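Working notes for the structure below.
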Amino acid sequence: MSRAIAAAVRDYRELARRRLPHFLFEYIDGGAYDEITLRRNIEDLQAIALRQRILCDVSRIDLTTRLFGQDMAMPIGLAPVGLAGMNARRGEVQAARAAEAAKVPFCLSTVSLCAMDEVAGALKRPFWFQLYLIKDRGFVRDMLAKAKALGCSALVFTVDLPTPGARYRDVRSGLTGAPGLAGEVRRAWQIAHKPGWAWDVGVNGRPHQLGNIASALGAKSSLRDFLGWIGQNFDASANWRDLEQIRQAWDGPLIVKGILDPGDAVRAADLGADGIVVSNHGGRQLDGVLSSARALPPITEAVGGRLTILADGGVRSGLDVVRLLALGAQGVLIGRAWAYALAGAGQAGVSHVLSLMAAEMRVAMALTGVTKINEIDRSSLAEG
Ligand code: FNR
């Protein structure tokens, strides 16, 4: 299947499945434990019935919006996806360029392969940076200072990973948790970095740097070492005081990512967050928690109007974007959708997925009888 005949996000998922080493596809595609929340994210969204309206003059549809003081061509952003740089050569740069061309924000993960400097250097528009709290606060401060110096326009502080969620697929593929398979993982890692392979990430003869945390990782260089490092260095003691400190340290827009509870959303607003992402980390953390579609309405009720509400999880089409906007989100992040596309067709694939989503949003808006983003609300849904 070539890019030309990819009609939907799911086609890129199939392309990614064919192109990537098995363990890497499973890492992207999988979720925590039995993947109940991963499935709920998709199923609960798709179960939301849109309300068809007729004869509304929908000849001019405007997808533009403004979030965190930034003009955007549509209310979609590229969610932080760790290790995305493995999906294609200099993968984060390719994805960031696609986002820039589509005039939507790209959020770079703390655990990206391409470092902030490389991504910022490839763009004219500012990028967003996602922060994980690691134990070495000096290192956190340095990362924030660097993000600021490079013109990062929003900080996304991810709070739903005090400890990594266990994923059966990663154990089965040999990526985590099965010491006996270490050799196999190493071989797969080496294969994945053979020069000429689509997902070769080598630069200057150093094949697998994790750009933003390379100096903290030190001599450790295998994927397994890296995953072990996360377990040891992500700070499980993270608490509200840390959010306060990050608020003090970061004077730009601050978005807290990984909120599912209305009380937590209120507290984030009280502490001065500019935005939140209603998210269960794409079903990769606590299996069994609410889908984003179900978590969103009570959160909108609790903090709507006090801060900007973003949501992610299970978004596979522009129709899903409209559904989350109807439930109260002002913007939506996509994770796997762009990661599959990057693996399947690089920058062009990510651009294509973004244009597919825009086209799907236009159709959904036209047939629900709205022409502007801020007209999408509960009345766009059949059940109101
Ligand atoms: C993620 N996600 C994530 N989130 C984050 O804050 N920092 C990160 O480094 C990562 N890494 C990551 C890797 C992979 C492979 C996936 C699939 C996801 C979560 C991500 O930002 C987002 O919340 C979900 O991907 C949204 O769900 P969908 O769109 O993938 O269904």
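With full-length UniProt numbering as the guide, the letters of the sequence shown map in order to residues 1 to 384.
We put the beta carbon where it would ideally sit given N, CA and C, even for glycine.
In this text, all values refer to a predicted model and were calculated from it rather than measured experimentally.
| Query | Result |
| --- | --- |
| C-alpha distance - Ala311 paired with Met357, whole-angstrom precision | 16 Å |
| Thr163 beta carbon near the ligand FNR (any heavy atom closer than 7 Å) | no |
| Bounding residues of the alpha helix (DSSP H) (the contiguous stretch that carries Arg10) | 9-19 |
| Asn41 CB to nearest heavy atom of the ligand FNR below 7 Å | yes |
| Backbone CA spacing between Gly335 and Gly82 [nearest angstrom] | 10 Å |
| Reduced DSSP category for Asp57 - H, G, I as helix; E, B as strand; rest coil | coil |
| Leu113 classed as buried or exposed, judged by whether at least 16 other C-beta atoms fall within 10 angstroms | buried |
| CB-CB length for Val256 against Phe157, believed under 8 Å | 5 Å |
| DSSP-derived helix/strand/coil call for Trp250 | coil |
| Contacting residues, own chain, Cβ-Cβ under 6 Å from Leu50 (five flanking each side not counted) | Thr368 |
| Exposure label - Glu26; buried when at least 16 CB within 10 Å | buried |
| Segment contact flag, the stretch 145-165 with the stretch 126-133, C-beta cutoff 8 Å, min 3 pairs | yes |
| Residue from Leu67, Ala216, His281 whose Cα sits closest to the Cα of Ala166 | His281 |
| Member of Gly231, Leu155, Ser215, Lys148 whose CA lies at the smallest distance from the CA of Thr176 | Gly231 |
| Lys146 - partner residues in DSSP beta bridges | Bridge partners of Lys146: none, in fact. |
| Beta-carbon gap between Ile28 and Ala339 smaller than 8 Å | yes |
| Any non-hydrogen atom of the ligand FNR closer than 7 Å to Leu24 Cβ | no |
| Cβ pair Gly313, Ser279 closer than 8 Å | yes |
| Close beta carbons around Ala293, own chain, < 6 Å, minus the five adjacent residues each side | Asp44, Leu45 |
| Cutoff 7 Å; reference Leu307; Cβ partners in own chain excluding five residues on either side | Ala269, Ala273, Asp274, Gly275, Ile276 |
| Under the three-state DSSP convention, the category Gln330 falls into | coil |
| Of the residues Leu296, Ala382, Val111, the one placed nearest Leu217, counting alpha carbons only | Val111 |
| Supposed contact pair Leu67 and Ala99 - C-beta distance, whole angstroms, cut 8 Å | With a Cβ gap of about 14 Å, Ala99 and Leu67 do not count as contacting. |
| Minimum length 4: unbroken alpha helix (DSSP H) runs contained in the stretch 62-149 | 91-101, 116-122, 137-149 |
| DSSP-derived helix/strand/coil call for Thr163 | coil |
| Cutoff 7 Å; reference Ser173; Cβ partners in own chain excluding five residues on either side | His22, Phe23, Glu26 |
| Beta-carbon proximity of Gly283 to Gly31, cut-off 8 Å | yes |
| Trp240 beta carbon less than 8 Å from that of Leu155 | no |
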